[in-house]
Amino acid sequence: MRRLLLTLSLAYASLCACSKPLALEAWQSSEPAFAHLEGLGAKTVYFNGAALPAVIKRNPAWLQPGDRLAGSEHIRSLAQAALSPKLFRQLDRQEHFDALLLVGDPIQFKALTEHLIKTQDWALSWVDSWCSVYSRQTGGGLTREAILRIATQWDGAGARVKATAMAAMAERLVAASRLDVAVELLQLAKAADGESAAVWTAEGSYRLARGEWVQAVAAADRALQGSGRRERAARSVKAQGLYFSKQFEEAYLLSAELLAEAPEDPVMLFTHAKIAHEVRAIQEEVGVLRKLIGIAEKERRSTSWYRVYLGQALAMSGEGEGALKEFDLALGDPDLPEDQRDFAKNSRARVALRVKPTETEVRSVR
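Per this note's numbering: the sequence shown = residues 51 to 416.
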């Protein structure tokens, strides 16, 4: 922890040495994060796909031979691990990462961050508007004071830059389940620019994490008012808020719009499948789930949870035998989590009663 605080102090001091106000593009500088990773002495670093250009430019020593080539198997595995904790653990056993560098929209690595929070063998050691860094440690990781100290790097920026940076940093804290500090950064962001679409989108993400669905939708609507109603992140927040508040018809229309813009996005595909289920667009749900299974198989990721959903959808559409097949494939995956396994077993049992004759029926026939 002492080394961590020293690293933060050095990074902060180097940032404050700049006398000119930060330009708009500087709100997502990668330099402080790389300074932190170098301060940790990280030799082997996991990074997701969005981080690759910066890694090539700033620290190519983290790359393996062939990683610069298009279609690199190693780079593809790193990118896929953001969606697959099982794959991440396999890579970690092989490479023994010193740190994790996660760049881009936090929803794209939500599965991985949720896994890290659950297992608690990695802790947040750096966060800013560009990225989150996790280090192999137990405990709470970054303190509130350390996070707020990082945030002061934007004190000399203009209102728009500061608000955008604070909002992005707050969203990363929400993803790391650090809601206590996220709300403080949101307050700073609103004080800088209370009309910013980025700020209200981040507010919506914070409300979603707290289970405050109505407030999440209201925040997303406010973001959309200031962005020409085309802000994708705000529409995504609104779709989730509508779904969880059981306004399924509205959520479905918005989800379909988002999916049309990104038809290969696994996160959006799965979200749309769940919403389609609620509005009884079962054949559409089946099609989306089959597409997700195809993508996961191509990327050599687990398909078991998708198959559980597909089994349910097929059962609802009267395809009992097909449903049983999907449940069996899911249950055949040894890495299916125990709670999901129990759910799949119970779902399969209910379908089997409708598909297969009971012993009493068999005896009556005899």
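Idealized CB from N, CA, C, for every residue including glycine.
- Message: Using 8 Å as the cut-off, can you tell me whether the region 228–244 makes contact with the region 197–206, which would need three or more C-beta pairs spanning the two stretches below that distance?
- Response: Under the Cβ criterion (8 Å, minimum of three pairs), the region 228–244 counts as touching the region 197–206.
- In the structure shown, what three-state DSSP assignment does L150 receive? Position 100 of the sequence shown, counted from the start, is the residue given in the question as residue 150. Residue state, collapsed to three classes: strand.
- Query: Leaving out the 5 sequence neighbours to the left and right, which residues in its chain are closer than 6 Å to A470 when beta-carbon positions are compared?
  - Reply: Shown here, the chain extends from 51 to 416; a query on residue 470 therefore has no answer.
- Query: With a CB to CB cut of under 6 Å and the five nearest residues on each side skipped, what residues in its chain are close to S134?
  - Reply: If you number the sequence shown from 1, residue 134 lands on position 84. Taken in chain order, the residues that qualify are R351.
- Item | Close beta carbons around A331, own chain, < 8 Å, minus the five adjacent residues each side | As a first step, residue 331 is located in the sequence shown; it is residue number 281 there, counting from the start. The answer, listed in chain order, is Y302.
- Could you spell out the range, first to last residue, of the alpha helix (DSSP H) harbouring V329? As a position in the sequence shown, residue 329 is number 279, starting the count at 1. No alpha helix (DSSP H) holds V329; DSSP gives it neither H nor E.
- May I ask which residues mark the beginning and end of the beta strand (DSSP E) holding R351? Position 301 of the sequence shown, counted from the start, is the residue given in the question as residue 351. Premise fails: R351 is in no beta strand (DSSP E) and is neither H nor E.
- Buried or exposed: which applies to A120, given that a residue is buried once 16 or more other Cβ atoms fall within 10 Å of its Cβ? Within the sequence shown, the letter at position 70 stands for residue 120. Classification of A120: exposed, given that the 10 Å Cβ count is below 16.
- Return the residue from the list A225, Q158, A213 that minimises the CA-CA distance to V177. As a first step, residue 177 must be located in the sequence shown, where it is residue number 127. Nearest option by C-alpha distance: A225.
- Alpha carbon to alpha carbon, how far is G368 from A326? For the purposes of this step, residue 368 is identified with residue 318 of the sequence shown, where counting begins at 1. For the purposes of this step, residue 326 is identified with residue 276 of the sequence shown, where counting begins at 1. About 17 Å.
- Item | Residue from T94, K93, R143, V153 with nearest C-alpha to E81 | Numbered from its first residue, the sequence shown carries residue 81 at position 31. The shortest C-alpha separation from E81 is found at V153.
- Straight-line CA distance for A44 to A132? Look at the range of the chain in this structure, 51 to 416, and you will see that residue 44 is not part of it.
- Express the C-alpha separation of A201 and K4 in angstroms, rounding to a whole number. Residue 4 lies beyond the residue range present for the chain, which begins at 51 and ends at 416; the question has no answer from this structure.
- Message: Please report the distance separating the alpha-carbon of C212 from that of R400.
- Response: Here residue 212 is taken as the residue at index 162 of the sequence shown, counted from 1. Here residue 400 is taken as the residue at index 350 of the sequence shown, counted from 1. As written in the sequence, residue 212 is Lys, which differs from the Cys given in the question. Straight-line Cα distance between these residues: approximately 54 Å.
- What did DSSP end up calling L403 once you bin it into helix, strand or coil? Reading the sequence shown from its first residue, position 353 is the one you call residue 403. Looking at L403 - three-state DSSP - the assignment turns out to be helix.
- Ordered along the chain, which non-local residues of its own chain (more than five positions away) have a Cβ less than 7 Å from that of R257? As a working mapping, residue 257 is identified with position 207 in the sequence shown. Excluding sequence neighbours, R257 sits near Q265, A266, A269.
- For the alpha helix (DSSP H) holding R199, just list the boundary residues, first then last. Looking up residue 199 in the sequence shown gives position 149. From DSSP, the alpha helix (DSSP H) with R199 extends over 194–201.
- Task: Give me the Cβ distance between L236 and A252, rounded to the nearest whole Å; I'm assuming they're in contact under 8 Å.
- Result: The count along the sequence shown starts at 1 and reaches residue 236 at position 186. The count along the sequence shown starts at 1 and reaches residue 252 at position 202. The Cβ separation is near 6 Å, so the contact holds.
- Where the alpha helix (DSSP H) containing R118 begins and where it ends: Residue mapping note: residue 118 aligns to position 68 of the sequence shown, counting from 1. From DSSP, R118 is part of no alpha helix (DSSP H); its letter is neither H nor E.
- Message: Can you list, in chain order, the residues of its chain with a C-beta nearer than 7 Å to that of L166? Leave out the 5 residues immediately preceding and following it.
- Response: For the purposes of this step, residue 166 is taken as residue 116 along the sequence shown, with counting starting at 1. The residues are W172, Y184.
- Coarse secondary structure for S182, derived from DSSP in three states: Along the sequence shown, one-based indexing puts residue 182 at 132. Strand at S182.
- Would you please state the rounded distance, in angstroms, between the beta carbons of A259 and A239? I believe it to be under 8 Å. In the sequence shown, the residue the question calls residue 259 occupies position 209. In the sequence shown, the residue the question calls residue 239 occupies position 189. Actually they do not touch by this definition, with Cβ atoms about 16 Å apart.
- Message: Looking at the secondary structure, which residues open and close the alpha helix (DSSP H) in which W263 lies?
- Response: Mapped onto the sequence shown, residue 263 falls at position 213. Membership of W263 in the alpha helix (DSSP H) is indicated by the continuous run 263–275.
- Item | For L162 and C181, believed in contact at Cβ under 8 Å, the rounded distance | Looking up residue 181 in the sequence shown gives position 131. Looking up residue 162 in the sequence shown gives position 112. With a Cβ gap of about 13 Å, C181 and L162 do not count as contacting.
- Item | Best match in E328, G254, V105, K136 for proximity to A346 [C-alpha to C-alpha] | Translated into the one-based positions of the sequence shown, residue 346 becomes position 296. That would be K136, whose Cα lies nearest to the Cα of A346.
- Using the Cα positions of E388 and G382, report the straight-line distance between them to the nearest angstrom. Translated into the one-based positions of the sequence shown, residue 388 becomes position 338. Translated into the one-based positions of the sequence shown, residue 382 becomes position 332. Answer to the nearest angstrom: the Cα atoms are 12 Å apart.
- In whole angstroms, what is the alpha-carbon distance linking E159 and E262? Here the question's residue 159 lines up with position 109 in the sequence shown. Here the question's residue 262 lines up with position 212 in the sequence shown. Strictly speaking, residue 159 in this sequence is Phe, with Glu absent from that position. Cα-Cα distance, rounded: 22 Å.
- Query: So A173 is in the alpha helix (DSSP H); what residue range does that whole segment cover?
  - Reply: What you label residue 173 is simply residue 123 of the sequence shown in a count that begins at 1. Per DSSP, A173 belongs to no alpha helix (DSSP H); it is in the beta strand (DSSP E), 172–177.
- Message: Given a cut-off of 9 Å on the beta-carbon distance, is the pair D243 and A283 in contact?
- Response: Counting from one through the sequence shown, the residue named residue 243 turns up at place 193. Counting from one through the sequence shown, the residue named residue 283 turns up at place 233. The answer is no: Cβ separation not under 9 Å.
- Message: Taking 7 Å as the limit between beta carbons, can you name the residues of its chain near G191, skipping five residues before and five after?
- Response: Here the question's residue 191 lines up with position 141 in the sequence shown. Excluding sequence neighbours, G191 sits near A173, L174, S175.
- Query: Of the choices V329, P384, S397, S179, whose alpha-carbon is the least far from that of L360?
  - Reply: Locating residue 360 in the sequence shown gives position 310, counting from the first residue. Measuring from the Cα of L360, the nearest candidate turns out to be S397.
- Residues that DSSP places opposite V95 in a beta bridge: To locate residue 95, count along the sequence shown from 1; it is residue 45. Answer is A149, bridged to V95.
- Task: Let me know the secondary structure DSSP gives K341 once reduced to three states.
- Result: For the purposes of this step, residue 341 is identified with residue 291 of the sequence shown, where counting begins at 1. K341: helix per DSSP, three-state reduction.
- Message: Please return the same chain residues whose Cβ sits closer than 7 Å to the Cβ of S305, not counting the five positions on each side in sequence.
- Response: Here the question's residue 305 lines up with position 255 in the sequence shown. The answer, listed in chain order, is A289, T321, H322, I325.
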